[in-house]
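Below you'll find the structure, written out as structure tokens, and then a few comments.
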Amino acid sequence: MTIAGSARDAHWYKDAIIYELHVKAFFDGNNDGIGDFAGLLQKLDYLQELGVTCLWLLPFFPSPLRDDGYDIADYRNVHPGYGTLEDFRTFLKAAHDRGMQVVIELVVNHTSDQHAWFQRARKAPPGSPEREFYVWSDSDQRYRDARTIFVDAERSNWTWDPDAHAYYWHRFFSHQPDLNYDNPAVLAEIEKVMDFWLDMGVDGFRLDAVPYLVEREGTNCENLPETHEVIRRIRAHIDGRYGGRMLLAEANQPPSDVRAYFGDGDECHMAFHFPLMPRIFMALHLEDRSPITDIMARTPDLPDSCQWALFLRNHDELTLEMMTDEERDYMYLAYSADPQARLNVGIRRRLAPLMGNSRRRIELLTSLLFSFPGTPIIYYGDEIGMGDNVYLGDRNGVRTPMQWTGDRNAGFSRAHPARLYSPVVMDPVNGYQAVNVEAQEGDPASLLHWMKNMISLRKLFRVLGRGSIEFLQPANGKVLPYLRRDGDDIILCVANLSRFTQPAELDLSALNGYVPVEMLGYTEFPPIGTLPYFLTLGPYAFYWFELQRARR
Amino acid sequence: MPDADRAAAVAPIVVGIGTYNNAGTIAAIARAVRDGLCRDFSVRDSRIVLADGGSTDGTPDLVREALGDAAGRLVQVGYPLHPVDLFDAPYHGLPGRGRALAAILGAARELGAQVCTVLDANAEGLAPGWLAALIRPVLDDAFDFVAPYYARAPHEGALTRSIVYPVFRALYGVRIRQPMAGDFSCSGRLVEHFLGQEGWQDGARAVGVDIWTTTAAVCGGFRLCEVALGARRHETRGDAPDLSMTIVQVVGALFAGAERRAEFWQRVRGSSAVPVFGQPTEAGDGSPIEIGRLIEAFRLGHRELRDVWAAVLPPATGVALNRLAQADRPSFAMDDDLWARIIYDFAIGHRLRVLPADHLLRALTPLYLGWLAAFLEQAGTAGAAAVEERIERLSLAFERQKPYLISRWRWPERFNA
Amino acid sequence: MWDQVHVIFNRAAGRIVENIANFLPGVVVLLALLVLALVTAVIVRVVLYRLLRGLDFDRWAARSGMAMLIDWSPNRSPALLVARAVQWMILALGLLAGLSALDAAMPSYFAMTVFRYIPNLLAAVIILVLGDLLARFLARSVLISAVNMQIQVARVLSVGVKWLVLIMAGTMALEQVGLGRQILLLAFGILFGGIVLAMALAVGLGSKDAVSRTLDRQLRGTADHRTDDIDHV
């Protein structure tokens with residue numbers, strides 16, 4: 071039986087507020103030290119209270135967990151540590167009952183080397199359909215123009231398989247062989263997998279590592295036209311069978327290349343705006359708006375049905391791949407004085423430590439996240455300013471257990487602390503004893519309450535999700551003002567990127583006669599005239615104004 | 003259905019009445035409807051839709067009898083009545099009114115009605131002219147929603163005057179005196195809109211469906227007007243709920259609507275009047291009410307419910323209420339802005355679920371009685387014009403305090419918590 | 420003499436064999452019953468657990484303030500607690516049935532009393548928790564209603580109701596446990612009666628004026644508008 075998607079509006083993702091979480095890290099319902107669906111189910115009320123409208127779950131499939139679940143060994147089941155398929159169904163229904171959509175992760179580029187397809191392929195004779203599920207070669211010299219992504223872990227994209235007597239192709243870890251999309255049977259199988267989850271009522275997929283689906287000699291094997299053809303066929307397949315579902319592409323590419331993943335509205339509904347995120351951090355540290363305005367100027371327009379996905383931090387390192395060498399050096403110097411915090415081409419830290427635990431900076435960045443054109447994504451724990459642990463390997467430092475209370479194991483589990491899949495963060499500033507949900511719920515001035523208010527405010531203004539953006543260019547470069555428009559709704563946002571109070575003279579003469587009303591406190595400001603509009607902004611202050619026509 | 007029958011089944015004018023054991027009043031209403039239709043319209047063009055919840059006192063038969071030769075125009079539909087509806091006596095006297103309305107609107111759509119007029123089965127002394135007054139603006143002037151404008155004695159309809167009207171006006175920017183009247187007309191276009199609304203099911207389930215429909219009409223950008231219908235007389239039923247239950251139902255519906263429509267009303271500024279057809283008349287003073295008892299009720303509430311109030315009202319309001327509780331008769335007056343803020347704080351308390359909704363709204367009763375006392379003290383015997391002027395001032399206070407509501411709505415002050 | 424020894428030995432051996440023969444079927448029955456109980460218990464536990472999970476029992480329990488229950492339960496899941504409790508109860512019943520098949524009166528009687536006690540204890544705890552919740556909710560509800568009915572002694576009523584519910588719950592809980600039934604009934608009667616009397620006195624004294632005023636008015640025949648008689652809407 072097919073269960074319909076939960077959203078009434080086909081474009082629900084444009085007004086959504088997405089909460090990214092790892093089942094493993096959220097809440098442990100059976101006290102075995104690993105979070106699970108039963109635990110997540112118990113915490114749905116918390117998420118509803120918070121106001122988020124969509125949950126994005128990181129991979130929860132059976133997997134040898136050598137890449138935190140991104141190495142999938144079976145697409146149609148749930149990792150036994152996280153529960154059963156039945157648990158997932160119960161959770162999905164409960165989330166839908168609360169008006170929340172659920173987006174799951176689907177890694178379509180590669181599988182685990184433990185996957186039955188790969189085990190079958192390495193034993194099958196060369197040229198057989200089973201073998202052709204993956205990309206094989208007799209030499210490791212093909213596709214030499216493709217870069218190696220995990221430079222810290224892998225030396226080549228080819229690895230020798232003694233069973234198959236051939237090299238297999240992998241863009242990521244050597245235990246993650248790439249699927250061969252030149253074989254139509256692969257796409258057919260992947261479509262069946264999608265149907266399996268969509269029939270259950272899942273509202274969308276995040277497509278991991280989507281630029282690398284197809285390989286061609288003499289290219290860098292990224293963003294190929296053949297890859298786009300695969301995505302178009304996936305989209306057509308889904309549109310033909312289901313309504314109100316969403317595809318979110320992970321394409322860590324420059325804006326012009328990412329634009330291609332929207333197609334003419336016939337590929338993905340959403341894609342992450344990767345280049346914007348590090349530049350927001352850079353602008354904040356530089357106390358200068360130009361990195362942001364530059365990248366937004368280079369951001370192409372999207373088809374009507376499409377939307378950018380915006381985020382500040384996620385489960386990966388703060389990736390700097392889409393920056394120039396100089397920008398990257400600046401970011402390293404600014405945000406990771408400790409080399410321990412660096413990984414691959416990025417910085418593996420959470421939002422609060424990156425912000426030096428400054429409430430004002432966190433609030434400023436969150437206000438940018440909520441007021442830029444796109445759908446905001448909140449990484450679990452960032453709503454309370456949770457800490458990280460850079461001494462855990464790989465990116466595990468930002469995937470520690472959610473900090474619920476000040477009790478043992480941060481209230482995440484009652485297992486013996488040694489049994490936890492990862493130690494909880496224990497530093498005195500961001501550790502669970504200082505930063506946890508229970509304490510912040512009781513404190514009316516906490517970041518958590520601030521986030522709740524901001525989320526419910528953002529939900530009142532569709533223009534923030536759907537409107538156009540236009541930057542103003544006042545002389546003071548430390549001030550970032552922009553207008554959001556959607557029909558008659560106009561919103562003026564002004565942010566101070568500096569540590570100190572700043573003046574700003576805004577040229578708003580085109581909006582002569584409008585009255586700015588500050589949105590948080592509904593305070594009326596003097597009406598706009600023909601002269602420059604003067605504002606004073608406190609340190610890291612941000613103002614949102616709804617522009618109302620003057621009273622008759 | 004053959005084409006000929008379908009043509010015969012089309013009726014531009016539909017008059018709908020929802021009934022459940024209304025034998026006392028229904029015959030007079032049916033006669034008034036028949037006379038009104040005969041006098042001002044062609045009976046052939048009209049249908050009378052009776053949505054009956056399964057009366058046991060022969061209400062449908064009484065209607066058929068009273069309609070006489072026009073009985074052929076009667077379309078009877080049923081609406082499901084759940085045991086819960088009977089348990090929860092509604093203020094308007096029609097259990098399951100939401101579903102009755104849904105049945106009437108559904109029938110109107112089936113009949114291809116240009117105008118659908120809904121009448122309250124409890125009304126008494128319905129003049130035949132009423133019907134034309136309610137129907138004409140839709141047919142002749144292309145209005146989509148016609149609300150009644152009753153003349154009421156100063157001490158009557160105070161809940162509408164002191165809370166429903168000013169809040170509705172301040173929130174949605176439209177000055178409609180009776181946003182939750184049981185009698186109204188709507189155009190065929192609006193019938194479609196109602197039935198197609200997201201959340202119509204929730205609306206139709208609620209006791210306060212009338213405010214739901216008015217709100218939907220305003221938020222949908224439809225053309226609204228009022229007609230002066232003179233005095234309103236309603237049979238008081240034995241099973242009518244007491245004042246505090248009425249407040250729970252009426253104010254609860256108003257607050258619930260505000261939660262659903264927050265996106266709309268937070269963008270509305272000021273308010274504008276709608277066209278009024280007919281000449282508003284003056285209602286008599288009616289029988290006087292003993293103000294001293296109202297004040298006593300307020301003082302008792304103040305003494306015992308202060309703690310409950312403190313969960314939603316800010317300290318400044320608490321101090322003002324302390325002062326009021328000590329005031330004596332001639333100087334017993336409640337400031338308009340204070341009253342507006344009290345209602346707004348209750349609305350926010352309702353939204354944040356500070357207390358169970360039922361407790362919260364029932365705790366409003368003594369405050370309302372206090373307001374009523376102050377109001378009657380000032381305007382009780384001063385005539386209709388003075389009452390009008392008084393309510394206008396109160397409404398302006400509600401509009402003035404709207405930023406107070408919005409700011410707390412968006413950024414709740416959690417100091418009390 | 421040897422013959423006699425032989426006879427006695429034979430008789431004794433016969434008796435032992437006979438006893439064993441009498442005893443063995445009981446053991447077999449006991450074992451069979453135990454196995455049956457074990458199977459039933461496991462099946463019931465699994466089914467019940469699934470059912471409760473499907474009904475979202477854990478969240479319901481968390482929400483209805485039974486935090487205590489959650490703290491006690493294994494894996495923070497009251498559903499699991501309930502399922503396991505039922506499982507052990509069935510096992511215990513199986514054991515009892517098996518013991519009675521063995522005709523071992525002593526242990527079965529003892530076991531019966533012990534096991535009969537457990538559900539009562541559970542019920543008592545649940546009654547107490549619910550009673551406390553109900554008392555707090557009702558107290559506020561009664562206070563507001565009484566004020567709206569313009570009863571001057573609203574606070575007394577509210578406190579009275581609260582304690583009434585609490586005492587009722589306490590008595591019911593103790594009744595469940597079966598402690599000092601007679602004394603309790605007596606004490607409850609005295610307390611209850613006392614409260615009613617006190618309230619009646621309080622209401623009577625407090626509203627003496629109000630009553631006399633009403634009577635006065637009725638005697639004089641003046642119409643008095645009660646607030647509920649006006650059309651507020």
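Protein chains in written order, with this note's numbering: chain A, 71 to 622; chain B, 3 to 419; chain C, 420 to 652.
Ideal Cβ placement from N, Cα and C applies to all residues, glycine included.
| request: Report buried or exposed for residue 20 (chain B), applying the criterion of at least 16 other Cβ atoms within 10 angstroms of its Cβ. | output: buried
| request: Answer yes or no: does any C-beta atom of chain E fall closer than 8 Å to that of residue 86 (chain A)? | output: This model lacks chain E altogether; the protein chains it does include are A, B and C.
| Which word fits residue 46 (chain B), buried or exposed, when buried means at least 16 other C-beta atoms lie within 10 angstroms of its C-beta? | exposed
| query | Taking the alpha-carbon positions, what's the residue 224 (chain A) to residue 553 (chain A) distance? | reply | 45 Å
| request: Output yes if chain A places a C-beta closer than 8 Å to the C-beta of residue 264 (chain B); else output no. | output: yes
| Sequence-distant residues of its chain with Cβ nearer than 6 Å to residue 337 (chain B) (five each side left out) | Counting only Cβ-Cβ distances below 6 Å, and skipping sequence neighbours, we find nothing.
| request: Can you pull the chain B residues whose beta carbon is under 8 Å from the beta carbon of residue 562 (chain C), in chain order? | output: 306, 307, 310
| said: Contact between the segment 522-536 of chain A and the segment 310-323 of chain A is defined here as three or more beta-carbon pairs at a separation below 8 Å; is this criterion met? | reply: no
| field | Backbone CA spacing between residue 606 (chain C) and residue 595 (chain C) [nearest angstrom] | value | 16 Å
| message | Taking 8 Å as the threshold (beta carbon to beta carbon), is residue 472 (chain C) in contact with chain A? | response | yes
| Which residues in the same chain as residue 424 (chain A) place their Cβ atom closer than 8 Å to its Cβ, once the five residues preceding and following it in sequence are excluded? | 351, 383, 388, 405, 417
| message | Buried or exposed for residue 98 (chain A), going by 16 or more other Cβ atoms inside 10 Å? | response | buried
| task | Determine the extent of the beta strand (DSSP E) in which residue 90 (chain A) is found, giving its start and end residues. | result | 88-91
| Which term fits residue 198 (chain A), buried or exposed, when burial requires 16 or more other beta carbons within 10 angstroms of its beta carbon? | Burial call: exposed.
| said: Can you pull out the residues from the segment 509-526 of chain A whose beta carbon lies closer than 9 Å to at least one beta carbon of chain C? | reply: none
| said: Using DSSP's beta-bridge definition, name the partner residues of residue 118 (chain B). | reply: Residue 118 (chain B) is bridged by DSSP to B:16, B:188.
| said: Could you compute how far the alpha carbon of residue 217 (chain B) sits from the alpha carbon of residue 140 (chain A)? | reply: C-alpha separation (whole angstroms): 50 Å.
| Any residues in the segment 248-272 of chain B with a beta carbon nearer than 9 Å to a beta carbon of chain A? Which ones, in chain order? | 264, 265, 268, 269, 271, 272
| said: Taking the beta carbon of residue 241 (chain A) as the centre, do at least 16 other beta carbons fall within 10 Å, making it buried, or is it exposed? | reply: buried
| task | For residue 195 (chain B), I'd like the list of residues in its chain whose CB is within less than 6 Å of its CB, leaving aside the five on either flank, ordered along the chain. | result | 222
| task | With residue 233 (chain B) as the anchor, note down where its beta strand (DSSP E) starts and where it stops. | result | 226-233
| Is residue 567 (chain C) close to chain B, meaning its C-beta is less than 8 Å from at least one C-beta of that chain? | yes
| said: Check whether chain B comes within 8 Å of residue 591 (chain A), counting only Cβ atoms and requiring the distance to be less than that. | reply: So, interface residue.
| query | Apart from the five residues on each side of it in sequence, which residues of its chain come closer than 8 Å, Cβ to Cβ, to residue 425 (chain C)? | reply | Nothing listed; no residue qualifies.
| message | Less than 8 Å between the C-beta atoms of residue 323 (chain B) and residue 304 (chain B), yes or no? | response | yes
| Counting Cβ pairs closer than 8 Å, one from the segment 106-122 of chain B and one from the segment 45-62 of chain B, do we hit at least three? | yes
| Would you say residue 154 (chain A) faces chain C, with C-beta separation under 8 Å as the test? | no
| message | By alpha-carbon positions, which one of A:179, A:177, A:355, A:206 ends up nearest to residue 191 (chain A)? | response | A:206
| Excluding five sequence neighbours on each side, which residues of the same chain lie with their C-beta closer than 7 Å to the C-beta of residue 113 (chain B)? | Result list for residue 113 (chain B): 11, 12, 13, 16, 49, in chain order.
| query | For residue 147 (chain B), which beta-bridge partners are listed by DSSP? | reply | Paired residues: B:188, B:226.
| Nearest-angstrom Cα separation, counted from residue 95 (chain B) out to residue 614 (chain C) | Each residue's alpha carbon lies about 38 Å from the other.
| said: Short of 8 Å in beta carbon distance, which residues of its chain neighbour residue 348 (chain A), apart from the five on each side in sequence? Order them along the chain. | reply: 388, 389, 390, 392, 393, 397, 401
| query | Excluding sequence positions up to five away, which residues of its chain have a Cβ less than 6 Å from the Cβ of residue 533 (chain A)? | reply | 554, 556, 559, 561
| Relative to the alpha-carbon of residue 407 (chain B), which residue among B:355, B:144, B:342 has its alpha-carbon at the smallest distance? | B:342
| said: For residue 395 (chain B), would you say it is in contact with chain A, using Cβ-to-Cβ distances shorter than 8 Å as the test? | reply: no
| query | How many Å lie between residue 343 (chain A) and residue 370 (chain A) at the Cα? | reply | 11 Å
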